[in-house]
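**Student:** Counting from -7, one number per residue, gives the positions in the sequence shown under our numbering. Even for Gly, the Cβ is constructed at its ideal location relative to N, Cα and C. Since the model is a prediction, treat every value here as computed from it, not as a measurement.
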Amino acid sequence: MRVRFPLFAILLFSVAAFAHVGSPDVYYEGNAGPYHLLVTIRPPAVVPGVAQIQVRTLNGGDIDKIQILPLAMEGAGAGESLAPRPDTMQRSNDDPQLYTGNLWIMLRGSWKVRVEVEGKLGKNQTAVPVAAVSMTAAHMDKGIGLLLGSFGLVLVVGLISILRAANGPAQVAPKQDISPALKRRASVGMSIGAFFILVLLFGGNWWWGLEAKANERMVYRVPQLQPSLLSQDKLRIRLENPNSGSFTGDDWRGFWAQTLQTNDLVPDHGHLMHLFLVRTPDMKSFWHLHPDQTGEQEFAANLPALPPGHYQIFADIVHSTGFPETQVGTIDLPAGIVAGQPGHTLNGDDSGGADLDPSDKVAPLSGGYRMVWERDATPLCAQQAIVFRFRVEDKDGKPAGDLENYMGMAGHAVFLSDDGKVFAHVHPEGSVSMAALAMAQASSNPPASGTMSSMSMGPRSAEVSFPYGFPQPGDYHIFVQVKRAGHVETGAFVAHVEK
């Protein structure tokens, strides 16, 4: 994309991307009118940078062109009026259903990528939220630095020599000797010039150092929440504000200070926080809870009868700007939560289970039911967009007929690497936050908090699918949750991902 108006050069990001631990790419499956699309956004590790966009048409619509456009999430009306022209994506020569394009990410914050599709069925559009952050600070290679420094030294020496010549020999006619006075003038001029050149060099180096330090502080780091037990059956979660101590609120570059406060949270499909607890290293105890907010940065959750052990904690939240975030932590739960303390009964949307039996194909459920991963023999590869499909069957092997919406959608899935470095909470629409998706797809101002796209609603079949791509090779666990006959079921699967 040509840089026409930097404010609206996109980011999500990753987040992250931020939104998911170690899984910055954004995956979205949805409709642009009659066109069914699978959108993949691979954000750069450093902002400013270039994001790679892929759009695959899933229903084979007769499409003439696809255009992409970055827009700010806040102040959508003003953003669209000042936006640059959209960029046209390139159709793949090898795969006519695949389109690719690039967008510059110039600023950190909450953005959306508007995808405009034009074809025989008309012109329609959709929007995908993205969170723009720098995950690292780019540093110059030492070899390149030495090379550029050598060139710079040659230029400085040459400039000083030019100053000396201009104030001395250049003032003398050809074949005439330079006078002592002119020699002194040349030396004085060269010295004054060298002084100002050195002042400029040291001043530039000082300014560059300040900019580098400011940029280092702007690098996003995964917030570390603080968990503790209020009692044997009640967990307290204290969120970390990632901008604490880095920037002042009136600093225009204070992205964290202005954007990632912990008192601006909005509900995401009905809850301010989605809390996941996974016992490691066996990953046979998985829980999806929804704590109540007890303070500006504090939440509390009633615990069911969790098996004792070491648990990894992942807390999904969404800020009012549409920026999604996952905070992480660990806690050791004692055996007392089970012995003598039965724990709270799961109610509402809380769910989970102990003694899960992970499988690479079929996961047992209650009442003789089972969940089948509809996968073929093709190896799983990293950074490949896949639509994961799961089917629920009754004890006779027939498709289950009693599935219900779970928090307004067909199901939820968690993709977690065995080393705990990759965590992604994924919905049938993809890895995007539902609250951010509602903001991105609103035609005017963001709708009421917690609103979800219509794709999540409606009667459920016996199948549920999730678009996602593993960010890196390794071993993973996949936890899939559906609601059946008023009860949430959890199917656990294992996956090995190649390069």
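Quick one: grab the DSSP three-state call for Q163.
**Tutor:** If you number the sequence shown from 1, residue 163 lands on position 171. Q163: helix per DSSP, three-state reduction.
**Student:** Ignoring anything shorter than 3 residues or poking outside the stretch 373 to 449, list the beta strand (DSSP E) runs there in chain order.
**Tutor:** 378 to 385, 404 to 409, 415 to 418, all fully within the stretch 373 to 449.
**Student:** Per DSSP, which one or two residues make a beta bridge with D467?
**Tutor:** Along the sequence shown, read from residue 1 onward, the residue named residue 467 stands at position 475. Partner(s): H488.
**Student:** How would you write the range of the beta strand (DSSP E) that N116 sits in, first residue to last?
**Tutor:** As a working note, residue 116 is residue 124 in the sequence shown. Residues 114 to 124.
**Student:** Specify, as a first and last residue, the run of the alpha helix (DSSP H) that P172 falls within.
**Tutor:** Numbered from 1 along the sequence shown, position 180 holds the residue referred to as residue 172. Unbroken alpha helix (DSSP H) run through P172: 172 to 209.
**Student:** Please return the same chain residues whose Cβ sits closer than 6 Å to the Cβ of A405, not counting the five positions on each side in sequence.
**Tutor:** Along the sequence shown, one-based indexing puts residue 405 at 413. Only V418, F458, V472 meet the Cβ criterion.
**Student:** Using DSSP with H/G/I as helix, E/B as strand and the rest coil, what is S15?
**Tutor:** In the sequence shown, residue 15 corresponds to position 23, counting from 1. Residue state, collapsed to three classes: coil.
**Student:** Can you give the Cα-Cα distance for E208 and Y460, rounded to whole angstroms?
**Tutor:** Counting from 1 along the sequence shown, the entry for residue 208 is found at position 216. Counting from 1 along the sequence shown, the entry for residue 460 is found at position 468. Cα to Cα, E208 sits roughly 30 Å from Y460.
**Student:** By Cβ distance below 6 Å, which residues in the same chain neighbour S236 in space, the five residues on each side in sequence not counted?
**Tutor:** By 1-based counting over the sequence shown, the position of residue 236 is 244. Annotation note: pLDDT 42 at S236 (below 50); position unreliable, coordinate value reported separately. Hits under 6 Å: none found.
**Student:** Grab me the residues of R(-6)'s own chain with a C-beta within less than 7 Å of its C-beta, minus the 5 sequence neighbours each way, in chain order.
**Tutor:** Here residue -6 corresponds to residue number 2 of the sequence shown, with the count starting at 1. The predicted position of R(-6) is uncertain, since its pLDDT is 38 and thus under 50; a value taken from the coordinates is nonetheless stated next. Taken in chain order, the list of residues that qualify is empty.
**Student:** Across the stretch 340 to 352 and the stretch 274 to 289, are there enough close Cβ pairs to call them in contact, namely three or more that are closer than 8 Å?
**Tutor:** Flag = yes, the stretch 340 to 352 and the stretch 274 to 289 touch.
**Student:** Report the residue from G400, R383, A430, A374 whose alpha carbon sits nearest the alpha carbon of S409.
**Tutor:** Here residue 409 is taken as the residue at index 417 of the sequence shown, counted from 1. Out of G400, R383, A430, A374, A374 has the C-alpha closest to the C-alpha of S409.
**Student:** Pop quiz: H311 and R271 are said to be a contact at Cβ under 8 Å. What is the actual Cβ separation, rounded to whole angstroms?
**Tutor:** Working through the sequence shown from its first residue, we reach residue 311 at position 319. Working through the sequence shown from its first residue, we reach residue 271 at position 279. About 29 Å separates the two Cβ atoms, so there is no contact after all.
**Student:** Around the C-beta of G137, are 16 or more other C-beta atoms found within 10 angstroms, so that it is buried, or is it exposed?
**Tutor:** The residue you call residue 137 lines up with position 145 of the sequence shown. Flag for G137 reads exposed.
**Student:** Looking only at its own chain, which residues have a Cβ that is under 7 Å from the Cβ of P465, when we skip the five neighbours before and after it?
**Tutor:** Position 473 of the sequence shown, counted from the start, is the residue given in the question as residue 465. The answer, listed in chain order, is A374, V489, E490, K491.
**Student:** Secondary structure at G360, three-state DSSP: helix, strand or coil?
**Tutor:** Within the sequence shown, the letter at position 368 stands for residue 360. In this structure, G360 counts as helix in the three-state DSSP scheme.
**Student:** Can you tell me whether DSSP reads A157 as helix, strand or coil?
**Tutor:** Sequence index remark: in the sequence shown, residue 157 carries index 165 (1-based). Helix at A157.
**Student:** Quick check on G141 - is its C-beta less than 7 Å from some C-beta in chain D?
**Tutor:** In the displayed structure, chain D is absent; only one protein chain is listed.
**Student:** Does the beta-carbon of S446 have 16 or more other beta-carbons within 10 angstroms, so that it is buried, or is it exposed?
**Tutor:** As a first step, residue 446 is located in the sequence shown; it is residue number 454 there, counting from the start. Caution is warranted here: a pLDDT of 39 is assigned to S446, below 50, making its placement in the model unreliable, and no coordinate value can be reported.
**Student:** Checking 7 Å against the spacing of the C-beta atoms, do G412 and Q304 come in under that value?
**Tutor:** Position 420 of the sequence shown, counted from the first residue, corresponds to residue 412. Position 312 of the sequence shown, counted from the first residue, corresponds to residue 304. Yes, the Cβ-Cβ distance between G412 and Q304 is below 7 Å.
**Student:** Please state if the CB of Q89 and the CB of R48 are separated by a distance shorter than 7 Å.
**Tutor:** Mapped onto the sequence shown, residue 48 falls at position 56. Mapped onto the sequence shown, residue 89 falls at position 97. Cβ distance < 7 Å, so R48 and Q89 count as in contact.
**Student:** Considering Y460, what are the terminal residues of the beta strand (DSSP E) in which it resides?
**Tutor:** The count along the sequence shown starts at 1 and reaches residue 460 at position 468. Run containing Y460: 455 to 460, per the beta strand (DSSP E) assignment.
**Student:** What is the rounded straight-line gap between the Cα of I221 and the Cα of L295?
**Tutor:** As a first step, residue 221 must be located in the sequence shown, where it is residue number 229. As a first step, residue 295 must be located in the sequence shown, where it is residue number 303. Note that residue 221 is Leu in the sequence shown, not Ile. When rounded, the distance between both Cα atoms is 10 Å.
**Student:** Could you give the DSSP three-state label for L227: helix, strand or coil?
**Tutor:** For the purposes of this step, residue 227 is taken as residue 235 along the sequence shown, with counting starting at 1. DSSP places L227 in strand when its eight states are reduced to three.
**Student:** Quick one: any contact between the stretch 197 to 206 and the stretch 152 to 170, if contact means 3 or more CB pairs under 8 Å?
**Tutor:** The stretch 197 to 206 vs the stretch 152 to 170: no contact.
**Student:** Start and end of the beta strand (DSSP E) containing T272?
**Tutor:** Against the sequence shown, residue 272 aligns to sequence position 280. 266 to 272 is the extent of the beta strand (DSSP E) around T272.
**Student:** By Cβ distance below 6 Å, which residues in the same chain neighbour Q218 in space, the five residues on each side in sequence not counted?
**Tutor:** As a position in the sequence shown, residue 218 is number 226, starting the count at 1. R230.
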